[in-house]
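Worksheet for the structure shown next.
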Amino acid sequence: MTQIVLETKDLTKTFGTRKAVDAINITAYEGEVFGFVGPNGAGKTTTLGMALGLVHPTDGEVYVLGQRVTPNRVQALRDIGALLGAPAFIPYLSAWENIELVARLSPGVDKKRIHEVIELVGLTESARKKVSKFSTGMKQRVGLAMALVHRPRFIILDEPTNGLDPAGMREIRQLLRSLAENGTSALLSSHLLNEVQQVCDRIAVLHRGRVVAQGRVDDLLNRQKPAVRLTVHDAEAAVRAFESLPGVENVQASGNSLLVLGVDSQAVMNHLLQHHVIPTEITAQKTDLESVFMDLTSAN
Ligand SMILES: Nc1ncnc2c1ncn2[C@@H]1O[C@H](COP(=O)(O)OP(=O)(O)OP(=O)(O)O)[C@@H](O)[C@H]1O
Ligand SMILES: [Mg+2]
Numbered sequence: 049m050t051q052i053v054l055e056t057k058d059l060t061k062t063f064g065t066r067k068a069v070d071a072i073n074i075t076a077y078e079g080e081v082f083g084f085v086g087p088n089g090a091g092k093t094t095t096l097g098m099a100l101g102l103v104h105p106t107d108g109e110v111y112v113l114g115q116r117v118t119p120n121r122v123q124a125l126r127d128i129g130a131l132l133g134a135p136a137f138i139p140y141l142s143a144w145e146n147i148e149l150v151a152r153l154s155p156g157v158d159k160k161r162i163h164e165v166i167e168l169v170g171l172t173e174s175a176r177k178k179v180s181k182f183s184t185g186m187k188q189r190v191g192l193a194m195a196l197v198h199r200p201r202f203i204i205l206d207e208p209t210n211g212l213d214p215a216g217m218r219e220i221r222q223l224l225r226s227l228a229e230n231g232t233s234a235l236l237s238s239h240l241l242n243e244v245q246q247v248c249d250r251i252a253v254l255h256r257g258r259v260v261a262q263g264r265v266d267d268l269l270n271r272q273k274p275a276v277r278l279t280v281h282d283a284e285a286a287v288r289a290f291e292s293l294p295g296v297e298n299v300q301a302s303g304n305s306l307l308v309l310g311v312d313s314q315a316v317m318n319h320l321l322q323h324h325v326i327p328t329e330i331t332a333q334k335t336d337l338e339s340v341f342m343d344l345t346s347a348n
């Protein structure tokens, strides 16, 4: 049976009168990269803080690796790695020395493992340089190495690619994938949908403290209805033709260009040809998480 690495039950956090996290139920499984997405202020960091015992829930429960987390009692901590916000270092020490300091707290972590983790996050060339000289992206890598050095089963990362350039982001995505394939599950929060779409197996979309969608990325993408954009010589004739095409939900016309919702490009093409309307241009609208996300979070 697949083990659950994170589970929340009606987890709630109220700040004053504002519900930052509102009765959320989330389940993340072993071996997956689980994404937490949502606009600014959606409650992502607050939820991750509760999973790590750093923020006191107002109500509900949170379990990590099967253990109930309460502030000051995070039994599973030894098997978790975390990177929340800007990582904390001693700036005048090198990357290696900072990682070594953390490593000393964990039994069984030797020099070989420190080397390994430094290579894993792509810091080999700069390992002996002072962290104070590092760019934000490099600091982020040191933070990741510190979170991974003790070989956790589960890592919790809040916006881990913050400050990284596109190549660095890709490396971190690949790293998360290979970690998941080798048994280290990950929970990451991000507002970069493109990134989440590429790296996560499943996601929860948060909006104003509530989970508005949760599931496999593929399923969420498939939920979105197809749409086709086309240009025609006679928009009126085309709009009339679409009245008899089953599945069409809406046709938006602007001059000679039309947006047809609810049907795919093949159906549009076949139907128009039957009605002797020849489009001069036709493209299927790309389904991406961005549009699914906008649909989910634009409603109040
Ligand atoms: N310590 C705090 N005291 C009061 N309000 C807080 C506190 N921490 C968070 N909040 C509020 O809770 C809500 C959720 O914040 P949170 O930081 O969890 O969102 P987020 O999804 O991580 O957003 P972002 O994408 O900006 O990081 C926000 O309205 C925020 O202002
Ligand atoms: Mg946040």
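Going by the numbering used here, the letters in the sequence shown line up with residues 49 to 348, in that order.
Yeah, the Cβ is synthetic: ideal placement off N, Cα and C, and Gly gets one too.
Would you say residue 341 and residue 241 are within 9 Å of each other, going by their C-beta atoms? yes
Exercise. Report yes or no: do the segment 314-328 and the segment 214-222 share at least 3 C-beta pairs separated by less than 8 Å?
Key: no
Buried or exposed: where does residue 72 fall if 16 or more other Cβ atoms within 10 Å of its Cβ makes it buried? buried
Go ahead and pull the three-state DSSP assignment for residue 255.
strand
| message | Determine whether the beta carbon atoms of residue 185 and residue 156 lie at a separation below 9 Å. | response | no
Pop quiz: residue 144 and residue 162 are said to be a contact at Cβ under 8 Å. What is the actual Cβ separation, rounded to whole angstroms?
7 Å
For residue 272, I'd like the list of residues in its chain whose CB is within less than 8 Å of its CB, leaving aside the five on either flank, ordered along the chain. 335, 339, 340 and 343
(request) Count the other CB atoms, across all protein chains shown, that sit within 10 Å of the CB of residue 63; report buried if there are 16 or more and exposed otherwise. (result) exposed
message: Less than 9 Å between the C-beta atoms of residue 82 and residue 110, yes or no?
response: no
To the nearest angstrom, report how far apart residue 138 and residue 67 are at their CA atoms. 35 Å
If I'm right that residue 200 touches residue 232 with Cβ under 8 Å, what's the distance once you round it to whole angstroms?
6 Å
Inter-residue Cα distance where the pair is residue 77 and residue 329:
44 Å
C-alpha distance - residue 189 paired with residue 106, whole-angstrom precision: 33 Å
Quick check on DSSP: helix, strand or coil for residue 182? coil
Whole alpha helix (DSSP H) elements within the segment 134-188, 4-residue minimum: 143-151 and 159-168
inquiry  = Residues around ligand 1, please: the condition is that the C-beta lies closer than 5 Å to some non-hydrogen atom of it.
reply    = 63, 68, 88, 89, 90, 91, 92, 93 and 94
Worksheet entry | residue 173 CB to nearest heavy atom of ligand 2 below 8 Å | no
Sheet register partners of residue 107 (DSSP bridge): 60
Since residue 296 contacts residue 280 with CB under 8 Å, what's their CB separation in whole angstroms?
At roughly 15 Å, the Cβ-Cβ gap does not stay under 8 Å, so residue 296 and residue 280 are not in contact.
Comparing the CB of residue 243 with every heavy atom of ligand 2, is any distance shorter than 8 Å?
-> no
_Contact defined as beta carbons within less than 8 Å: I believe residue 266 pairs with residue 325. What is the distance between those atoms, to the nearest angstrom?_
Contact flag wrong, Cβ pair sits at about 34 Å.
- Item | Length of the line joining the Cα atoms of residue 174 and residue 108 | 44 Å
- Could you tell me if the beta carbon of residue 167 falls within a distance shorter than 8 Å of some heavy atom in ligand 2? no
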